[in-house]
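Student: So the protein lines, in turn, are chains A and B.
The opening residue of the first sequence carries number 2 in my numbering; numbering runs sequentially from there.
The opening residue of the second sequence carries number 51 in my numbering; numbering runs sequentially from there.
By construction, the Cβ of each residue, glycine as well, lies at the ideal position given by its N, Cα and C atoms.
The structure presented is a predicted model; accordingly, all values stated were derived computationally and were not measured.
There's a structure below that I have some questions on.
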Amino acid sequence: MSTQYQIDEEGFYGEFGGAFIPEMLYPNIHELQQQYLNILNEEDFKAELNVLLRDYVGRPTPLYHATKLSKHFNTNIYLKREDLCHTGAHKINNALGQVLLAKRLGKNRIIAETGAGQHGVATATACAVTGLPCVIYMGAKDIQRQAPNVARMKLLGAEVVAVHSGSQTLKDATNEAIRDWINHPQDTHYIIGSAIGPHPYPDLVARLQAVISEEMKTQMQGNPDYIIACVGGGSNAIGAFYHYINDLDVKLIGVEAAGFGVGTNKTAATLQLGSTGVLHACMTKILQTTDGQVIEPHSISAGLDYPGIGPQHAHLDKTKRVLYKSVTDEEALQAAYRLSQIEGIIPALESAHALAFLEKQTFLPSDRVVVNLSGRGDKDLDVFIKNR
Amino acid sequence: MNLEQVFNFKKNNLLNIYCTAGYPNLKDLPTVLKALHEAEVDMVEIGIPYSDPLSDGPTIQASNSRALKNGITLKRIFDQLEQHPVPIAKIMMGYFNSVFQFGIERFCRRCQEVGVSAVILPDLPLEIFIKKYKKTFDDFGLSMIFLITPETSEERIRQIDQLSTSFIYAVSQSGTTGKTQGLEFTRTFLGKIKNMNLKNPIMMGFSISQPEDLTLVHQYVNGAIIGSAFIRQIEKSTDLKKDITSFIQHITQKQFA
Ligand SMILES: Cc1ncc(COP(=O)(O)O)c(C=O)c1O
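Have a look at this one:
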């Protein structure tokens, strides 16, 4: 397998990535760097994870030929149904894998950050089923706009900590989770929810989400022409791209959240507007001022409301292997309404960004287009109703 | 005096005070430095305010946001230091992204011009510094200060000692700044580093807030660093000179009298 799109020995994807961590985290990160590949490749780890993915998560998720949507766009559209995963999004693939990993590292306490609450719910679920206590950090603003997920996490036995610093969203929740880890270096494992953070997290999360494209390879004969996924930190996207990265006949498209629009200052379109810098311990593209202060992003979708992007995506953008586009809040809403009405599937607001891209491109009638439907929209009902 | 002169001149009972630039008010830095110098503090750590200070607890986080609201920038910090020079040994402390955006070479040059001797960037790991940036720092005679913690292996401490050119920053406990649970538990760590006979001086920071903390640290290593406790002291100050003097007198007790 060609490695030009993967990490080098020092944890960099080209100029992006690395582990920009304070010394307090060195033992933890070092241990993780040394161990993660061994553990992921252990036979009993794979067996335990695969059973859970099959019987508990409900994998493989279907690849659904959305005939009415196909007709609407006069092409062939397939939806990879991550929304049908237990807990309602792809996030569980990573959370379960990392909880099993944490157990093998001898950790007995789990922490995580969450934006939309999907990763928080997934982590709380994975902890419940494996019997580990967990603490979820969530921005105070997100706690308000994703109330159902907060209630779910609590029902699942997690402690939810409201984060009041900064923009009170995902970025700040991530800061606070990292601070918790600095304060509990021995017993705690931090489950990052996206393909972000210090090396080895971006690679670890990508490998755990790669099951998405692994299944697609068996569900579809030959390669699709396009794979489209939304990108917050980039975990569902990298999972959907992973096994196709070296298949250059497949056009890979990542869709960022433009918020009110890339010409406004209320946006989360990191690759379009960002510059190189360090956020959450990795070198990547971030939204920042010329003075290096991180800018508070905006997206109607809490899961995409993040001022950075995974370092591998920054690299895939730089090398032009993946094309990154953005769609606005309004375009995402309209795409969500359309899918609900013509296919009977209410998508998560995040996933609706990937669907909205269908409007932006003309496809051939013979094209086969896969959209990664990363999650379902139950958590977003309030927003859907309010904006109708 | 620069940092090297301080360490040549005085081996023990050293005191380093951390202050956030632009705090409590935009132009307070020179006043704070002057008061610290007159109170015979040996060196200062000038904090570069950052939107996402990962290693810091609530006190220093709040001082950072307030300073940013006041309008502080790295450029302004250098300008203030240039326009109102205070002859106290100076260290800059901040997060790598601020320096990276300012430009590494430009940053090093400005440090040299305004008499900053050393830099602490907790999120720039040793390995990346050596590989990518050390040469530029060396060119401008700027030292990088590395952190060690109770969790750092002896082998890594020795490696850090080899690569350090100023002092080693020993973090009293694995955690963010500003905890106030006392320091008794850190005696083991202090004893360990004392017995390692490292070539560089050791300054201990994090969680030092009381006179007895300072006494304890000074029994084992060369000096102590105080941050959050000082920030709390000047938060509401209307007379910086007076409040800083009384804080230093209180924290040092008779030691410097
Ligand atoms: C359904 C769904 N899709 C996508 C995302 C964005 O994350 P990522 O870019 O890591 O897939 C989230 C994040 O919360 C989500 O809940």
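Taking Cβ-Cβ distances below 8 Å as the criterion, which residues of the region 160-175 of chain B are in contact with chain A?
Tutor: If the cut-off is 8 Å between Cβ atoms, the region 160-175 of chain B has Pro172, Asp173, Leu174, Pro175 near chain A.
Student: Does the beta-carbon of Ala117 of chain A, which I'm using as the reference point, lie nearer than 7 Å to any heavy atom of ligand 1?
Tutor: Yes; taking the cut-off as 7 Å, the Cβ of Ala117 of chain A has a heavy atom of ligand 1 nearer than that.
Student: With a cut-off of 8 Å, do at least 3 Cβ pairs link the region 244-254 of chain B to the region 54-66 of chain B?
Tutor: Yes: at least three Cβ pairs fall under 8 Å.
Student: Give the residues of chain A in contact with Glu201 of chain B, contact being defined as C-beta atoms less than 7 Å apart.
Tutor: What Glu201 of chain B touches in chain A: Pro28, Pro186.
Student: Kindly list, in the order they appear in chain A, the residues whose Cβ is closer than 9 Å to that of Leu124 of chain B.
Tutor: Within 9 Å Cβ-Cβ: Asp292, Gly293.
Student: For Asp368 of chain A and Val169 of chain B, I'd like the C-alpha separation in whole angstroms.
Tutor: Each residue's alpha carbon lies about 56 Å from the other.
Student: On the criterion of 16 or more Cβ atoms from any shown chain inside 10 Å, does Asn29 of chain A qualify as buried, or is it exposed?
Tutor: Result: buried.
Student: Spatial neighbours of Gly59 of chain A within its chain, please: C-beta separation below 8 Å, excluding the five flanking residues on both sides.
Tutor: Taken in chain order, the residues that qualify are Leu85, Cys86, His87.
Student: Can you find a C-beta in chain B that's less than 8 Å from the C-beta of Asp9 of chain A?
Tutor: No, Asp9 of chain A lies away from the interface with chain B (no Cβ there is under 8 Å from its Cβ).
Student: Quick check: is the beta carbon of Gln1 of chain A nearer than 8 Å to any beta carbon in chain B?
Tutor: The question about residue 1 of chain A has no answer here: the residues shown for chain A are numbered 2 through 389.
Student: With 8 Å set as the bound, which would you pick, yes or no: does the beta-carbon of Leu197 of chain B sit closer than that to a beta-carbon of chain A?
Tutor: With 8 Å as the cut-off, Leu197 of chain B counts as an interface residue toward chain A.
Student: Taking C-alpha atoms, which residue in A:Glu177, A:Gly116, A:Val136 lies nearest to Leu157 of chain A?
Tutor: Checked all of A:Glu177, A:Gly116, A:Val136; the closest Cα to Leu157 of chain A is A:Val136.
Student: Reducing DSSP to helix, strand and coil, say where Val232 of chain A ends up.
Tutor: Of the three classes helix, strand and coil, the one that applies to Val232 of chain A here is coil, per DSSP.
Student: Over what stretch of residues does the alpha helix (DSSP H) that includes Ile243 of chain B continue unbroken?
Tutor: Start and end: 237-245.
Student: Tell me which residues of the region 91-109 of chain B have at least one Cβ-Cβ distance to chain A shorter than 9 Å, keeping chain order.
Tutor: Residues Pro99, Tyr100, Ser101, Asp102, Pro103, Leu104, Ser105, Asp106, Gly107, Pro108.
Student: Quick one: what's got a C-beta closer than 6 Å to Gln220 of chain A's C-beta in the same chain, skipping five residues either side?
Tutor: Once the five neighbours on either side are set aside, the close Cβ partners of Gln220 of chain A are Leu64.
Student: In the DSSP assignment, the alpha helix (DSSP H) including Ser276 of chain A goes from what residue to what residue?
Tutor: Counting along the chain, Ser276 of chain A falls outside any alpha helix (DSSP H), though it belongs to the beta strand (DSSP E) covering 276-280.
Student: List, in chain order, every chain B residue whose beta-carbon is nearer than 7 Å to that of Ile179 of chain A.
Tutor: Residues of chain B passing the Cβ test: Leu104.
Student: Could you check whether the Cβ of Ser352 of chain A sits closer than 7 Å to any heavy atom belonging to ligand 1?
Tutor: Checking every heavy atom of ligand 1 against the Cβ of Ser352 of chain A, one is found closer than 7 Å.
Student: Do Lys142 of chain A and ligand 1 come close, with the Cβ less than 7 Å from some heavy atom?
Tutor: Not under cutoff, so the answer is no.
Student: Can you find a C-beta in chain B that's less than 8 Å from the C-beta of Ile310 of chain A?
Tutor: Output row for Ile310 of chain A: interface = no.
Student: Consider the C-beta atom of Gly304 of chain A and the heavy atoms of ligand 1; say whether any pair is separated by less than 7 Å.
Tutor: Gly304 of chain A: yes, Cβ under 7 Å from ligand 1.
Student: Consult DSSP for Thr329 of chain A and reduce its assignment to one of helix, strand or coil.
Tutor: DSSP places Thr329 of chain A in strand when its eight states are reduced to three.
Student: Under 8 Å, do Val256 of chain A and Val232 of chain A count as touching if we go by C-beta distance?
Tutor: Yes, Cβ-Cβ distance for Val256 of chain A and Val232 of chain A is below 8 Å.
Student: Counting C-beta neighbours from all protein chains within 10 Å, is the total for Asn75 of chain A 16 or more, i.e. buried, or is it exposed?
Tutor: It counts as exposed.
Student: Any C-beta of chain A within less than 7 Å: which residues of the region 216-241 of chain B qualify?
Tutor: Residues passing the 7 Å Cβ filter: Val221, Ser224, Gly225, Thr226.
Student: Just to confirm before moving on: does the CB-CB distance between Ala355 of chain A and Gly376 of chain A stay below 8 Å?
Tutor: Not a contact, by the Cβ cut-off of 8 Å.
Student: Quick check: is any heavy atom of ligand 1 less than 7 Å from the C-beta of Val100 of chain A?
Tutor: Result no, Cβ not under 7 Å from ligand 1.
Student: Rounded to the nearest angstrom, how far is the Cβ of Ile210 of chain B from that of Phe196 of chain B, given a contact under 8 Å?
Tutor: That pair is a contact at about 5 Å.
Student: Do the CB positions of Ile228 of chain A and Asn77 of chain A come within less than 8 Å of each other?
Tutor: No.
Student: Are the region 286-297 of chain B and the region 105-118 of chain B touching, with three or more C-beta to C-beta distances below 8 Å?
Tutor: Too few Cβ pairs lie closer than 8 Å, so no.
Student: Under 8 Å between beta-carbons, which chain B residues line up against Phe21 of chain A? List them in chain order, please.
Tutor: Chain B residues near Phe21 of chain A: Phe146, Asp173, Leu174, Pro175, Ile178.
Student: Spell out whether any CB of chain A is found under 8 Å from the CB atom of Gln212 of chain B.
Tutor: With 8 Å as the cut-off, Gln212 of chain B does not count as an interface residue toward chain A.
Student: Identify, in the order they occur along the chain, each residue of the same chain with its Cβ nearer than 8 Å to the Cβ of Pro186 of chain A, setting aside the five sequence neighbours on each side.
Tutor: Contacts found: Met25, Leu26, Pro28, Asn29.
Student: Could you name each continuous beta strand (DSSP E) segment of 3 residues or more that falls completely within the region 56-133 of chain B, going from the start of the chain to the end?
Tutor: Segments of the beta strand (DSSP E) lying fully in the region 56-133 of chain B: 64-70, 93-97.
Student: Decide if Gln294 of chain A is buried, meaning its Cβ has at least 16 other Cβ atoms within 10 Å, or exposed.
Tutor: When all chains shown are included, Gln294 of chain A counts as buried.
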